[in-house]
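This report concerns only the one structure given below.
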Amino acid sequence: DGPSMEWVAACAQQYLQQKNAES
Amino acid sequence: ETSWNQSLMGNIPTTPMAAAQEIADCFFTHENAGVSIIDLQLPSLDLRQGARWYDAVLAADVAHLLVERLVQRQRDNNVDANDTNKQTPSSSKKALLLVRDEATVRSIERVWEKRALSFTEDDTEEEENDEEEDEQEMSNNNEETTVLYDDFADFGFLESIAAVESLSTSSPNASDSQQKPRKRNTETIDRRRIQLQSLFGEAIISEGADMEQKVIRALQSNVVSYLKEQQDEIDTIAMIAPVTRPEVMAICALVQKYAKTMRIILINPHFAKPRPMELQHAKTVYSLRPFLVRAKDSRKTLTKIVVLKRKQEWEVFISDSASEQFERLAVN
C-alpha cells in the first residue's frame, strides 16, 4: 500500500541533485 | 516537527487531539461500513517500530478521540436526517475500542480514570468557556431540556479533549505533581459511547497448531458475545495495533463477520504480505511515514522525508539541511 520506497528515494535523489546543481 | 509545514501538510498529529481531528477529516461522512486503516508511523504510537517508545495509552487516546468524533458525526447526520426531537436508536450509536488483552485495558482505564478525577485549570480560554457553558447547560437540565441534552457525551467529549490536551505525557503519574486537581463531578465524564475491551481477555495466545481454535474461543467470549448483546447499539469497531498473528487472525474473523454492517478501523496494523484475503479491500484513510534520507556512503542524515496520505493521493514532502520547512516534492 502506498508508493514504493524506491520511488520515494528516487524523488529525493533528483531533488538533492538539483539543489546541489543550483548551489 | 519543527520543519512541519502546516499549510501544506495539515494538522500536526503530535497530540492525540490533533491526530484525531486530522484523521477524522479524512473519513468521508458516508463511510458507514467497511474496513479503514490508519497508518501513523510515529514511534510513540506505533508498536510495529518496537515496544521501546510505544505508549499504549497515547495510542488509545488517539483512537478514543477519533472514534468519538466519527460517532458524533454519524450521530449529527442521523439527527439532521430525522426529527431532532425524536432521536432514534440509530442516532445514538456507540463504538467498541479493542486492544490486545485485559492487562492493556487495565492500564488504559487506570490513566483515564485518574484523568477524570484530576482536571487542570490551565485549559485554554476557549475550553474554559465551553466547559462553563456545558456546566450551565447541565445544571439547567430538566424535563424540557432532556430531549436536547439527553446524552452528555457531547460534553464529555469536550472534557476529554481538555484532559488529553492538558497532559504532556500519558504516564499514570504525570498529573500527580504538577497539576492541580479541580473539583468536578466525575459522572460528567461520559464514556458511554466508547466501550474499551480486549480481543483475548486474560488468554495468552501464542502461535502454534491450536492458535486458531484459541483465537476463536477468546474472541467469542470477549467480543462476539458482547456485540451480540449490543448489535443495535454499536456501529464502529476500532482496533489498536493488531500486529501479532493471533491478533491479525482475530481481526480477519471480525472483518468477515461485521465489515458489511459496521465500520471497522484498524490503527497501525501489521499484516503479512500479501494481505489476508479479508483485508484486501481495506482502505488506507490516513498515513504518515517519516523518514531520514542519507547517501549510501555517508552517515549524514540531514534530509527529512514525510510520505503522507490524507485523501486519495500519496504525497511526498522533503526538508533538507537548507530548508526550514517541508516542501512538496511529489504526488503519487
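Order-wise, the sequence lines are chains A and B. Heads up, the first sequence is in this note's numbering, so the first residue is 46 and it goes up one at a time. Heads up, the second sequence is in this note's numbering, so the first residue is 3 and it goes up one at a time. Cβ coordinates follow ideal geometry from the N, Cα and C atoms, glycine included.
query: Since Ala332 of chain B meets chain A, which of its residues come closer than 7 Å, beta carbon to beta carbon?
result: As a first step, residue 332 of chain B must be located in the second sequence, where it is residue number 330. Result: Cys56.
message: Check for me: the alpha helix (DSSP H) holding Ala211 of chain B runs from which residue to which?
response: Walking along the second sequence from the start, residue 211 of chain B turns up at place 209. Element bounds for Ala211 of chain B: n/a, residue is neither H nor E.
message: My output table needs one value for Leu81 of chain A: the three-state DSSP class, helix, strand or coil.
response: Summary: the structure shown does not reach residue 81 of chain A, with chain A confined to residues 46 through 68, and so no result is reported for it.
Span of the beta strand (DSSP E) around Thr305 of chain B: Stepping through the second sequence from its first residue, residue 305 of chain B is reached at position 303. Counting along the chain, the beta strand (DSSP E) containing Thr305 of chain B begins and ends at Thr305 to Lys311.
query: Which same chain residues, not among the five before or five after Lys306 of chain B, have their C-beta less than 8 Å away from its C-beta?
result: For the purposes of this step, residue 306 of chain B is taken as the residue at position 304 of the second sequence. Result list for Lys306 of chain B: Ser5, Pro292, Phe293, Leu294, Val295, Ile320, Ser321, Asp322 and Phe328, in chain order.
query: Is it true that the CB of Ala274 of chain B sits closer than 9 Å to the CB of Val257 of chain B?
result: Looking up residue 257 of chain B in the second sequence gives position 255. Looking up residue 274 of chain B in the second sequence gives position 272. No, the Cβ-Cβ distance between Val257 of chain B and Ala274 of chain B is not below 9 Å.
query: If we ignore side chains and look at the alpha-carbon of each, how far apart do Asp153 of chain B and Ala54 of chain A end up?
result: Sequence index remark: in the second sequence, residue 153 of chain B carries index 151 (1-based). Sequence index remark: in the first sequence, residue 54 of chain A carries index 9 (1-based). At Asp153 of chain B, the pLDDT of 32 sits below 50, so the modelled position is not reliable and the matter cannot be decided from this model.
field: Integer-rounded CB distance, given that Lys285 of chain B should sit under 8 Å from Ile110 of chain B
entry: Position 108 of the second sequence, counted from the first residue, corresponds to residue 110 of chain B. Position 283 of the second sequence, counted from the first residue, corresponds to residue 285 of chain B. The Cβ separation is near 27 Å, so there is no contact.
task: Would you give the residue range spanned by the beta strand (DSSP E) that Val287 of chain B belongs to?
output: To locate residue 287 of chain B, count along the second sequence from 1; it is residue 285. First-last of the beta strand (DSSP E) with Val287 of chain B: Lys285 to Val295.
query: Does DSSP classify Asp237 of chain B as helix, strand or coil?
result: Locating residue 237 of chain B in the second sequence gives position 235, counting from the first residue. If DSSP states are grouped into helix, strand and coil, Asp237 of chain B belongs with the strands.
- prompt: Excluding sequence positions up to five away, which residues of its chain have a Cβ less than 6 Å from the Cβ of Ala421 of chain B?
  reply: Here chain B comprises residues numbered 3 to 334, so residue 421 of chain B is not present and cannot be evaluated.
message: What residue range does the beta strand (DSSP E) around Val107 of chain B cover?
response: Along the second sequence, read from residue 1 onward, the residue named residue 107 of chain B stands at position 105. Careful: Val107 of chain B lies outside any beta strand (DSSP E), inside the alpha helix (DSSP H) at Glu104 to Leu119.
query: What number of angstroms, rounded off, separates the C-alpha of Ile236 of chain B from the C-alpha of Thr246 of chain B?
result: Along the second sequence, one-based indexing puts residue 236 of chain B at 234. Along the second sequence, one-based indexing puts residue 246 of chain B at 244. Taking the straight line joining both Cα atoms gives about 26 Å.
- prompt: Would Ile239 of chain B count as contacting chain A if we go by Cβ distances under 9 Å?
  reply: Taking the second sequence and counting its residues from 1, the one referred to as residue 239 of chain B is at position 237. No - not a single Cβ of chain A is within 9 Å of the one on Ile239 of chain B.
task: Pick helix, strand or coil for Gln247 of chain B, following the three-state DSSP scheme.
output: Mapped onto the second sequence, residue 247 of chain B falls at position 245. According to the sequence provided, residue 247 of chain B is Arg. The question's Gln does not apply to it. The answer is helix: DSSP assigns Arg247 of chain B an H, G or I state.
message: Only counting the same chain, and skipping five residues up and downstream in sequence, which positions put a Cβ closer than 6 Å to that of Tyr56 of chain B?
response: The residue you call residue 56 of chain B lines up with position 54 of the second sequence. Closer than 6 Å at the Cβ level, and outside the excluded window around Tyr56 of chain B, lie Leu49.
Under 8 Å by beta carbon: chain A residues contacting Thr305 of chain B: Here the question's residue 305 of chain B lines up with position 303 in the second sequence. Per Cβ cutoff of 8 Å: Ala57 and Leu61.
- prompt: What does a CB cutoff of less than 6 Å around Cys254 of chain B pick up in its chain, not counting 5 residues either side in sequence?
  reply: Within the second sequence, numbered from 1, the residue matching residue 254 of chain B stands at position 252. Closer than 6 Å at the Cβ level, and outside the excluded window around Cys254 of chain B, lie Pro278 and Glu280.
query: Just how far apart, CA to CA, sit Trp316 of chain B and Asn334 of chain B?
result: Counting from 1 along the second sequence, the entry for residue 316 of chain B is found at position 314. Counting from 1 along the second sequence, the entry for residue 334 of chain B is found at position 332. Approximately 5 Å, taken between the alpha carbons.
message: Can you look up Lys182 of chain B in the DSSP assignment and give me helix, strand or coil?
response: As a working note, residue 182 of chain B is residue 180 in the second sequence. Low confidence applies here, because Lys182 of chain B scores a pLDDT of 40, under 50, leaving its location unreliable; read the following figure in that light. Coil, per DSSP.
query: Hey, how far is the Cα of Met213 of chain B from the Cα of Leu61 of chain A?
result: Here residue 213 of chain B is taken as the residue at index 211 of the second sequence, counted from 1. Here residue 61 of chain A is taken as the residue at index 16 of the first sequence, counted from 1. For Met213 of chain B and Leu61 of chain A, the distance between alpha carbons rounds to 49 Å.
query: Who pairs with Gly36 of chain B in a beta bridge, going by DSSP?
result: Your numbering for residue 36 of chain B matches position 34 in the second sequence. Listed as beta-bridge partners of Gly36 of chain B by DSSP are B:Arg265.
- prompt: Is any beta-carbon of chain A found at less than 9 Å from that of Arg291 of chain B?
  reply: The sequence position of residue 291 of chain B within the second sequence is 289, counting from 1. Yes, its Cβ sits closer than 9 Å to a Cβ of chain A.
query: Checking contacts by CB at 9 Å: is Ser287 of chain B closer than that to chain A?
result: The residue you call residue 287 of chain B lines up with position 285 of the second sequence. First, the residue type needs correcting, since residue 287 of chain B is Val and not Ser in the sequence shown. For Val287 of chain B, the answer is no, since every Cβ of chain A falls outside 9 Å of its Cβ.
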